[in-house]
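Trainee:
There are 4 protein chains.
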Amino acid sequence: MITIVVGTNRKDSVSFKVALHYAEVLKAKNITNSILNLRELPEDYIISALYENIGKNEQFNKIRDRMNKSEKFVFVVPEYNGSFPGILKAFIDGLDRAKALADKKCALVGLSAGDQGAGLALSHFTDILNYCGTNVLAYRLRLPKIGDSMTDSKITNQLYVSKIHNQAQKLIEF
Amino acid sequence: MITIVVGTNRKDSVSFKVALHYAEVLKAKNITNSILNLRELPEDYIISALYENIGKNEQFNKIRDRMNKSEKFVFVVPEYNGSFPGILKAFIDGLDRAKALADKKCALVGLSAGDQGAGLALSHFTDILNYCGTNVLAYRLRLPKIGDSMTDSKITNQLYVSKIHNQAQKLIEF
Amino acid sequence: MITIVVGTNRKDSVSFKVALHYAEVLKAKNITNSILNLRELPEDYIISALYENIGKNEQFNKIRDRMNKSEKFVFVVPEYNGSFPGILKAFIDGLDRAKALADKKCALVGLSAGDQGAGLALSHFTDILNYCGTNVLAYRLRLPKIGDSMTDSKITNQLYVSKIHNQAQKLIEF
Amino acid sequence: MITIVVGTNRKDSVSFKVALHYAEVLKAKNITNSILNLRELPEDYIISALYENIGKNEQFNKIRDRMNKSEKFVFVVPEYNGSFPGILKAFIDGLDRAKALADKKCALVGLSAGDQGAGLALSHFTDILNYCGTNVLAYRLRLPKIGDSMTDSKITNQLYVSKIHNQAQKLIEF
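Top to bottom, those sequences are chains L, R, B and U. For the first sequence, our numbering assigns the number 1 to the initial residue and increments by one for each residue that follows. For the second sequence, our numbering assigns the number 1001 to the initial residue and increments by one for each residue that follows. For the third sequence, our numbering assigns the number 2001 to the initial residue and increments by one for each residue that follows. For the fourth sequence, our numbering assigns the number 3001 to the initial residue and increments by one for each residue that follows.
1. Under 8 Å between the Cβ atoms of asparagine 33 of chain L and leucine 26 of chain L?
2. Counting C-beta neighbours from all protein chains within 10 Å, is the total for glutamate 71 of chain L 16 or more, i.e. buried, or is it exposed?
3. DSSP three-state call for phenylalanine 2174 of chain B: helix, strand or coil?
4. Quick check on the DSSP output: the beta strand (DSSP E) that includes asparagine 37 of chain L runs from which residue to which?
5. Could you tell me the distance, in whole angstroms, from the CA atom of proline 78 of chain L to the CA atom of asparagine 1053 of chain R?
6. Using only the alpha-carbon positions, how far apart do alanine 3040 of chain U and valine 3006 of chain U sit?
7. How is the beta strand (DSSP E) around lysine 105 of chain L delimited, first residue to last?
8. Leaving out five residues before and five after alanine 1049 of chain R in sequence, what residues of the same chain have Cβ atoms less than 6 Å from its Cβ?
9. Can you name the residues of chain R whose CB is closer than 8 Å to the CB of aspartate 3127 of chain U?
10. Runs of 4 residues minimum, wholly inside the region 1038–1118 of chain R: which ones carry the alpha helix (DSSP H) assignment?
11. In whole angstroms, give me the CA-to-CA distance for isoleucine 3035 of chain U and tyrosine 45 of chain L.
12. Taking the CB atoms as reference points, tell me whether aspartate 1103 of chain R and glycine 1133 of chain R lie closer together than 8 Å.
13. Could you name the residues of the same chain whose beta carbon sits closer than 6 Å to that of glycine 3117 of chain U, not counting the 5 residues immediately before and after it, in chain order?
14. Identify the contact partners of leucine 36 of chain L in chain R, using a Cβ-Cβ distance below 7 Å as the criterion.
15. Give the C-beta separation of phenylalanine 2174 of chain B and lysine 2105 of chain B to the nearest angstrom, bearing in mind that I take them to be a contact with Cβ-Cβ under 8 Å.
16. Are the CB atoms of aspartate 1127 of chain R and glycine 82 of chain L within a distance shorter than 8 Å?
17. Around the Cβ of glycine 2119 of chain B, are there at least 16 other Cβ atoms within 10 angstroms (buried) or fewer (exposed)?
18. So, helix, strand or coil for asparagine 3135 of chain U, using DSSP?
19. Measuring only between beta-carbons, confirm whether leucine 137 of chain L sits less than 8 Å from chain B.
20. Is it true that the CB of glycine 3147 of chain U sits closer than 8 Å to the CB of alanine 3113 of chain U?
21. In terms of DSSP beta bridges, what is leucine 3143 of chain U paired with?
22. Using a Cβ cut-off of 8 Å, pull out every chain B residue sitting near leucine 1120 of chain R, in sequence order please.
23. Bridge partners of threonine 3003 of chain U, per DSSP?
24. Residues bridged to threonine 2151 of chain B by DSSP?
25. Taking 8 Å as the CB-CB limit, is arginine 3097 of chain U close to chain B?
26. Taking buried to mean at least 16 other C-beta atoms within 10 Å of its own C-beta, is threonine 2008 of chain B buried or exposed?
27. Does threonine 126 of chain L come out as helix, strand or coil in the three-state DSSP assignment?
28. Measuring straight from C-alpha to C-alpha, what distance separates alanine 2090 of chain B and proline 42 of chain L?
29. Helix, strand or coil for lysine 2027 of chain B? Go by DSSP, reduced to three states.
30. Mark glutamine 2167 of chain B as exposed unless 16 or more other C-beta atoms lie within 10 angstroms of its C-beta, in which case mark it buried.
31. Name the residue from U:Met3150, U:Ile3002, U:Phe3084, U:Ser3123 whose alpha carbon lies nearest to the alpha carbon of lysine 3029 of chain U.
32. Using a Cβ-Cβ distance cut-off of 8 Å, determine whether proline 144 of chain L contacts chain U.
33. If we cut at 8 Å on Cβ distances, does aspartate 1115 of chain R have a partner in chain B?
34. Nearest-angstrom Cα distance between leucine 3171 of chain U and alanine 2019 of chain B?
35. Let me know the secondary structure DSSP gives lysine 1017 of chain R once reduced to three states.
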């Protein structure tokens, strides 16, 4: 069971489209998987689900449960302002670290409109995951110029298709 | 004019207390300053002020204006899960980068309950600020075990008091 | 078979002493291991074993072979100037990445005289190892104030002893 | 007076060619400058100029003096194995931090054969410079696919030419 986390709450995000692609790849390998889109976070998440309200937001608790029950993750991380979206880190801040992240495994996919491919974002996010006890697959995928690599919401850049396939296989064996 | 940003929206945060201390130090040096506490962010910030709603939230637009008008910043950054709080990055994601951050200057103060003093947080945040065009003072301050360093909400660790004083002076001359 | 790399070429380094401790821990767990001290690098390494001379220095080729044959590593990384020692990265630059590092696994131990415990060094080095294809155990160990934690060249800080034991066990199961 | 440091000791490096270009740009702006090529490091640098031999290698002491006398720097940083060359950090490790780096200012230029443009290298190196007290210009330049951007050892990619010009101007005003 692998949960694919869409690392932004932007509506109709490219990250969600990449997650859909990844889900198909895993399904073709007979791996049960599920997409968790940060679009599902409560509107008042930053107040109702953090700090003194940790664990008290029923809507978010369902999301926490999904993370707790998953053994492996794929995080799809778009580049915003040279790093990951703030909402992705805010999401991590609302989890039960010990149950959701410790001693688990994950793969990272970075994407950007520009030419960096979220390289720094993946570096920063690896530090956070390692701090939380999640082992990160060495093969971190960078997908720069993602807009030029898709047609009709599908990834058509064959190099990217191949890289995702390879990463998925490595994650399964990790 | 220096704006001191409290890098969390936690209620009664230690970061706010450190910001109050920093404000006193700047005032004693005759530097006009103002505290911007992320506690002031709208409850539905992650929906109402980002992406297609950028610039459309009147409550947040007042905060954007304060950032746009300030030439220098101090960011007080508490360590959450091995990096900065997600809300701090989400705050950056809602700004007008060109007006708020480009070609400006700032100093960073990291603090933690544990012994890291937000070292990784400051590294990550420097990458983000540099990407946005903000020059970061080399002298990044780490204040580990901040709880043991305060009495009655005041910083009583004299080494920390001295370091803040030195950083403030460097920021003024930066 | 685990190779413990002493990440500096300093004579009589504390890192070497920590490596000796780690070797004992692994031995007690019946894991064959070997210490590779960067002190063994040729004096003219930066000329004779890099760039156009890659693979041509017989003395260094023996070290390359040891890396190629090992499946797991422990890197003991002292903090120099806020990161890892330059010689540790120069060592990586002289390896055959595909044979020495790709698809292997490692654990990182950082140490420092000061209070950072090589936190940034481990972050930087993780990026390098991931680039080279080496999976890094999430549980990165920081050992600040290492001088105060040793007596007669032995680690006597029981918290550190316990952490090393835990990391070694995790590396074996990784 | 600006010193341009070629961040590798590779013979006939592309970094040296980029440094030559930068020197011309600074000269055209009437800024005195000088190139310091790490190719000039002693062959046995890693033994004769570090640790117990710090400050004892006369050949390297001349280089240390050049760093001590310079107020601003440009570091040209090629990407090796996902970060800066080990020799660049080893060079930093042999300096007198207080005299060479503290309270000075610098600009960073990253270059790579591949598509990263040394992004992570510049992030790591910024941490090190900040630790040593050197203020880093926010506008860090990444020059990916540098091979495709040069003709007859000259930078012919006009976007890169323009970016270097802009950075040089910012460094002068920093």
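Quick reminder that beta carbons are idealized off the backbone N, C-alpha and C, glycines included.
Mentor: Taking the definition as stated:
1. yes
2. Glutamate 71 of chain L is classed as exposed because its beta carbon has fewer than 16 other beta carbons within 10 Å across all chains shown.
3. coil
4. Residues 33–37.
5. Whole-angstrom Cα-Cα distance: 18 Å.
6. Going by the sequence as given, residue 3040 of chain U is glutamate instead of alanine. Taking the straight line from one Cα to the other gives about 10 Å.
7. 105–111
8. Asn1057, Phe1060, Gly1094
9. Listed by position along chain R, the residues whose Cβ is nearer than 8 Å to that of aspartate 3127 of chain U are Ser1123, Thr1126.
10. 1045–1048, 1058–1069, 1086–1093, 1097–1100
11. 53 Å
12. yes
13. Gly3110, Arg3142, Leu3143, Pro3144
14. Within chain R, no residue has its beta carbon less than 7 Å from that of leucine 36 of chain L; the closest one is some 16 Å off.
15. 5 Å
16. yes
17. Its Cβ being crowded by 16 or more others within 10 Å, glycine 2119 of chain B is buried.
18. strand
19. yes
20. yes
21. U:Leu3111
22. The contacting residues are Gly2119, Leu2120, Ser2123.
23. U:Ser3034, U:Phe3073
24. B:Lys2154
25. yes
26. buried
27. helix
28. 48 Å
29. helix
30. buried
31. U:Ile3002
32. Contact of proline 144 of chain L with chain U is assigned, a C-beta pair being separated by under 8 Å.
33. The C-beta of aspartate 1115 of chain R comes closer than 8 Å to at least one C-beta of chain B.
34. 44 Å
35. helix
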